[in-house]
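**Student:** If you read the sequence shown in numbering that gives the first Met the number 0, its first letter stands for residue 0, the second for the next number, and so on. C-beta: ideal position from N, C-alpha, C; glycine also. Remember, it's a predicted structure, so these values are computed and weren't measured experimentally.
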Amino acid sequence: MLQQTQVATVIPYYQMWLRRFPDFSSLAVASEQEVLHAWQGLGYYTRARNLRAAAQTIMNKHGGRFPRSLSAIHDLPGVGRYTANAVATFAFNRTVPIVEANIARLLARLVDLQIPVDSSMGRDALWRCATELLPSRSAGLYNSALMDLGALVCSSRPKCVLCPVRDFCQTRDPARLPLKRMRPSTKRQTEYHGLAVRRGSVLLEQSQNRWRGMWMLPRLAAAGPKSRPLYVSEFAFTNHRITLTVFRRPAVEGSRKSKQRWFRIDRLQSVPLPSPHRRALEMLISAEPHRLYAPVTPT
Ligand code: SF4
């Protein structure tokens with residue numbers, strides 16, 4: 000939940016998630032739609048799908064108990080090296096290293112790493128360094144301290160005068176580290192969607208790619224030649240800056256292949272919608288209900 004999101008934003012989501020799915024069995028039997036709905040607003044929806052798949056694996060393969068072995072944790076859907084090691088060290092005090100953003104910054108400065116930390120060579124160097132420094136006992140406590148040191152002292156504005164490891168630190172220029180690869184430039188893209196309303200219901204389409212499984216306003220191949228959009232907004236997605244434009248369209252469903260369905264407007268709260276489309280619908284419904292319910296002439 001914390002990927003690209005601040006702790007303060009995540010706390011209500013986390014509490015709500017635990018109320019809704021208090022154990023592995025409740026998450027394992029939930030539908031994908033329920034899980035996506037609980038996650039909506041956090042982005043990175045693959046994580047929600049993976050959590051559900053991991054709960055199913057725990058129920059089916061491990062008798063409902065979270066596995067203790069590092070390899071079994073690593074085998075759970077969506078669990079990579081960092082997550083497996085973090086769970087093993089914090090939950091079970093296993094002697095394994097972890098490298099996350101705060102620790103990467105700290106270690107890069109400590110050893111004056113002159114290669115980008117987001118390259119495969121840089122990642123390997125950081126994991127090697129974290130492994131070499133790992134104490135043989137109390138690894139959970141040590142890893143926790145390392146994260147705090149990176150977050151609070153060796154932060155983006157390092158407070159070297161307060162640093163308890165400054166005698167070992169090899170960098171002369173901490174503000175320049177860690178090095179990162181050049182980011183791909185942002186690409187701009189415009190996407191067209193249609194708003195069709197019929198007797199208090201709105202037509203939505205199930206996304207097959209970016210927001211797979213969630214519901215959004217149906218896609219249009221292009222804007223109508225003379226039509227003016229009802230709504231325009233921008234949102235970021237990976238290295239894209241996307242302009243979302245919504246046009247009125249006749250209240251007819253598209254092809255069966257596009258998986259379109261009518262949803263009652265007063266029940267949209269229970270439908271998993273990606274944030275840009277939820278914002279668009281909320282604005283259109285609250286600001287201009289008379290336009291939503293006006294008849295649309297087919298073109
Ligand atoms: S001395 Fe400064 S740069 Fe080095 S680890 Fe401490 S805070 Fe980071």
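Let me check one thing: in DSSP terms, what residues is residue 233 bridge-paired to?
**Tutor:** Answer is 242.
**Student:** Identify, in the order they occur along the chain, each residue of the same chain with its Cβ nearer than 7 Å to the Cβ of residue 159, setting aside the five sequence neighbours on each side.
**Tutor:** Within the same chain, residue 159 has close Cβ partners 165, 173.
**Student:** By DSSP, does residue 258 sit in helix, in strand, or in coil?
**Tutor:** Coil.
**Student:** How long is the line joining the alpha carbons of residue 13 and residue 90, rounded to whole angstroms?
**Tutor:** Computed Cα separation, rounded: 18 Å.
**Student:** Closer than 7 Å from C-beta to any heavy atom of the ligand SF4: which residues, in chain order?
**Tutor:** So the residues near the ligand SF4 by this Cβ test are 105, 108, 109, 152, 153, 157, 158, 159, 162, 164, 165, 168, 170, 173.
**Student:** Mind reading off the beta-carbon distance from residue 53 to residue 75? Whole number of angstroms is fine, and I expect it under 8 Å.
**Tutor:** Right, their Cβ atoms sit about 4 Å apart.
**Student:** Is there at least one non-hydrogen atom of the ligand GTP closer than 7 Å to the beta-carbon of residue 276?
**Tutor:** The ligand GTP is absent from the structure shown, which contains only the ligand SF4.
**Student:** If you reduce the DSSP assignment to three classes, tell me which class residue 189 lands in.
**Tutor:** Strand.
**Student:** Using a Cβ-Cβ cut-off of 6 Å (strictly less than) and excluding sequence neighbours within five positions of residue 187, which residues of its own chain qualify?
**Tutor:** These residues qualify, in order along the chain: 240.
**Student:** By Cβ distance below 7 Å, which residues in the same chain neighbour residue 267 in space, the five residues on each side in sequence not counted?
**Tutor:** Hits under 7 Å: 280.
**Student:** Could you spell out the range, first to last residue, of the alpha helix (DSSP H) harbouring residue 33?
**Tutor:** Counting along the chain, the alpha helix (DSSP H) containing residue 33 begins and ends at 31–38.
**Student:** In this structure, does DSSP put residue 64 in helix, strand or coil?
**Tutor:** It is coil, neither helix nor strand.
**Student:** Assign residue 194 to one of three DSSP states: helix, strand, or coil.
**Tutor:** Looking at residue 194 - three-state DSSP - the assignment turns out to be strand.
**Student:** Work out the CA separation of residue 249 and residue 298 for me, nearest whole Å.
**Tutor:** Interpretation of residue 298 is limited by its pLDDT of 39, a score under 50 that renders its predicted location unreliable; the figure taken from the coordinates is listed afterwards. Straight-line Cα distance between these residues: approximately 8 Å.
**Student:** With three or more C-beta pairs closer than 8 Å as the rule, is the region 175–193 touching the region 228–243?
**Tutor:** Yes, they touch.
**Student:** How far does the alpha helix (DSSP H) with residue 14 in it reach, from first residue to last?
**Tutor:** Segment 6–19, the alpha helix (DSSP H) holding residue 14.
**Student:** Give a yes or no on contact between the region 77–85 and the region 56–66, applying the rule of three or more CB pairs nearer than 8 Å.
**Tutor:** As far as the Cβ criterion goes, the region 77–85 does not touch the region 56–66, which means the pair count is below three.
**Student:** Can you tell me whether residue 283 is buried or exposed? The criterion is at least 16 other CB atoms within 10 Å of its CB, across all chains shown.
**Tutor:** Residue 283 should be labelled buried.
**Student:** Following the continuous alpha helix (DSSP H) through residue 251, name the residue where it begins and the one where it ends.
**Tutor:** Premise fails: residue 251 is in no alpha helix (DSSP H) and is neither H nor E.
**Student:** Within 10 angstroms of the Cβ of residue 43, are there 16 or more other Cβ atoms? Answer buried if so, exposed if not.
**Tutor:** Its Cβ having fewer than 16 others within 10 Å, residue 43 is exposed.
**Student:** To the nearest angstrom, how far is the alpha carbon of residue 69 from that of residue 262?
**Tutor:** Those two C-alpha atoms are separated by around 44 Å.
**Student:** Where do the N-terminal and C-terminal ends of the beta strand (DSSP E) with residue 204 fall, by residue?
**Tutor:** First-last of the beta strand (DSSP E) with residue 204: 200–205.
**Student:** Skipping 5 residues on each side, what residues in its chain have a beta carbon closer than 6 Å to that of residue 270?
**Tutor:** Correct list, in chain order: 214, 262.
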